[in-house]
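In the working numbering, the protein residues as written are 14 to 341. C-beta: ideal position from N, C-alpha, C; glycine also. This structure is a prediction, so every number in the text was calculated from the model and none was measured. Here is the structure we will look at.
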Amino acid sequence: MGYKKIFLSLILLHTILFIGTSGYMVMEDLSIFEALWLTIVSVLTIGYGDLVPQTTGGKWLTLIIIPLAIGLATYMLAQFAGAIISGKLSNEMRRRKMTRDIEHLHDHVIICGYGRVGQQVYQQLNKEDKSIVIIDYDEATIEHLPENVLHVLGNATVDEILKKAGIERAKGIIITLPSDADNVFITLTAKGMNSDLYAIARAERDQSAQKMYRAGADYVTNTSNIGGRQMATAMTKPMSVDYMETILYGLDTEDHIEEVLIEEGSSLIDRTVKEVRDKYRVTIFAIKRDEEVISNPEDSTDLKADDLLIVFASDKQIHRLRTHSTNK
Numbered sequence: 014m015g016y017k018k019i020f021l022s023l024i025l026l027h028t029i030l031f032i033g034t035s036g037y038m039v040m041e042d043l044s045i046f047e048a049l050w051l052t053i054v055s056v057l058t059i060g061y062g063d064l065v066p067q068t069t070g071g072k073w074l075t076l077i078i079i080p081l082a083i084g085l086a087t088y089m090l091a092q093f094a095g096a097i098i099s100g101k102l103s104n105e106m107r108r109r110k111m112t113r114d115i116e117h118l119h120d121h122v123i124i125c126g127y128g129r130v131g132q133q134v135y136q137q138l139n140k141e142d143k144s145i146v147i148i149d150y151d152e153a154t155i156e157h158l159p160e161n162v163l164h165v166l167g168n169a170t171v172d173e174i175l176k177k178a179g180i181e182r183a184k185g186i187i188i189t190l191p192s193d194a195d196n197v198f199i200t201l202t203a204k205g206m207n208s209d210l211y212a213i214a215r216a217e218r219d220q221s222a223q224k225m226y227r228a229g230a231d232y233v234t235n236t237s238n239i240g241g242r243q244m245a246t247a248m249t250k251p252m253s254v255d256y257m258e259t260i261l262y263g264l265d266t267e268d269h270i271e272e273v274l275i276e277e278g279s280s281l282i283d284r285t286v287k288e289v290r291d292k293y294r295v296t297i298f299a300i301k302r303d304e305e306v307i308s309n310p311e312d313s314t315d316l317k318a319d320d321l322l323i324v325f326a327s328d329k330q331i332h333r334l335r336t337h338s339t340n341k
């Protein structure tokens, strides 16, 4: 790598300055400042003439320093120019900036694998303006990522790669690799590194799903089964499929499904479903209360603290409801 050679050249240059300064102090009986001054003007071949070597040893040291410094400077310039031309230096700077950006992330989502499934996951999360870090071991795949997407190049089964993606600070991880064995291993490792992590894993075989749950996955999806059932339903109930895609993913409409948590002290507490629906113009599909899920709640149902509302509305309406669901 060009930047490593430049770094090595800087170390060698400082070594020459140290040797020259030390040598002039001994051979020419100069102070440290005078010896450093003579070394620098010799290295730069400036030759002001205010200080010149008087001893034979000092002159020999100068004869050694000058060609070494000129050769080293030429080499450094060539490496620097080559790094700029090849893009290695700019790539390294971008990589380091990305590392710093990831280190400052909290409550982000890590996507393991940027294949066909991973790309769909990214597009949906990006649409919802979530903080995302992608892990993929294929360099060509990483190079084709959208600009400014935070990513880590490497194998997600390696602990160090997960740490680089900020696994300890992440809110969730979505594991989309085609290998069930890798997905089980990543799930087990990720949950071991962050027990509060919400883990979603992809399974290609039904029997692998139970292993992933035992490994700590909070949700497992079999993409083949889901796709097959959706295709069959699209044949028998096409309008139902279109409608479900609309409310789930907000296709061709600003309305979509969202989760809203009612915090302690919220003005929504003790309000009825009908009051909330009429005031905020939202549809409440369900209420998750403790371990119970109240589907299609009645208008007279009172809302309580820590209720999780599953609502269908526009972004503006959901934002207004969420503002009043907090304790502010």
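Does DSSP put residue i in a helix, a strand or coil?
i, result
"residue 305", "strand"
"residue 183", "coil"
"residue 332", "helix"
"residue 61", "coil"
"residue 327", "strand"
"residue 211", "strand"
"residue 32", "helix"
"residue 314", "coil"
"residue 250", "coil"
"residue 255", "helix"
"residue 202", "helix"
"residue 338", "helix"
"residue 25", "helix"
"residue 127", "coil"
"residue 237", "helix"
"residue 192", "coil"
Spatial neighbours of residue i within its chain, please: C-beta separation below 7 angstroms, excluding the five flanking residues on both sides.
i, result
"residue 68", "40 and 41"
"residue 328", "267"
"residue 225", "196, 197, 200, 214, 216 and 233"
"residue 189", "124, 125, 126, 128, 130, 131, 134 and 215"
"residue 240", "none"
"residue 282", "275, 316, 317 and 318"
"residue 82", "29 and 56"
Strictly by DSSP, which residues pair up with residue i?
i, result
"residue 122", "145 and 185"
"residue 165", "148"
"residue 232", "213"
"residue 134", "In DSSP, residue 134 forms no bridge with anything."
"residue 299", "308 and 323"
"residue 270", "325"
"residue 285", "315"
Could you check which residue in the options has the C-alpha nearest to that of residue i?
i, options, result
"residue 137", "149, 148, 122 and 150", "122"
"residue 376", "175, 110 and 257", "No information on residue 376 is available, as it lies outside the stretch 14 to 341 that the chain covers here."
"residue 300", "185, 323 and 70", "323"
"residue 20", "88, 83, 59 and 45", "88"
"residue 298", "246, 242, 269 and 223", "269"
CB-CB under 6 angstroms to residue i, same chain, minus the five flanking residues each way: which ones, in chain order?
i, result
"residue 331", "271"
"residue 187", "124, 134 and 213"
"residue 32", "none"
"residue 296", "325"
Can you find the residues in the same chain that come closer than 8 angstroms, C-beta to C-beta, to residue i, ignoring five residues on each side of it along the sequence?
i, result
"residue 66", "37, 40, 41, 51, 72, 74 and 75"
"residue 248", "none"
"residue 64", "43, 47, 50, 51 and 54"
Any beta-carbon of chain D closer than 8 angstroms to the one on residue i?
i, result
"residue 286", "The structure shown contains no chain D; it is built from a single protein chain."
(message) Can you confirm whether the region 156–164 touches the region 180–188 when touching is taken to mean that 3 or more C-beta pairs between the two stretches lie within less than 8 angstroms?
(response) Not touching, per the Cβ criterion.
(request) Answer yes if the region 51–58 comes into contact with the region 22–41, meaning at least three C-beta pairs across the two stretches below 8 angstroms, and no otherwise. (result) With a cut-off of 8 angstroms, the region 51–58 and the region 22–41 count as touching, because enough Cβ pairs lie within range.
(message) Three or more C-beta pairs under 8 angstroms: does that hold for the region 126–143 against the region 69–89?
(response) Of all C-beta pairs linking the region 126–143 to the region 69–89, fewer than three are shorter than 8 angstroms, placing the two stretches out of contact.
(message) Using 8 angstroms as the cut-off, can you tell me whether the region 314–332 makes contact with the region 282–294, which would need three or more C-beta pairs spanning the two stretches below that distance?
(response) Yes, they touch.
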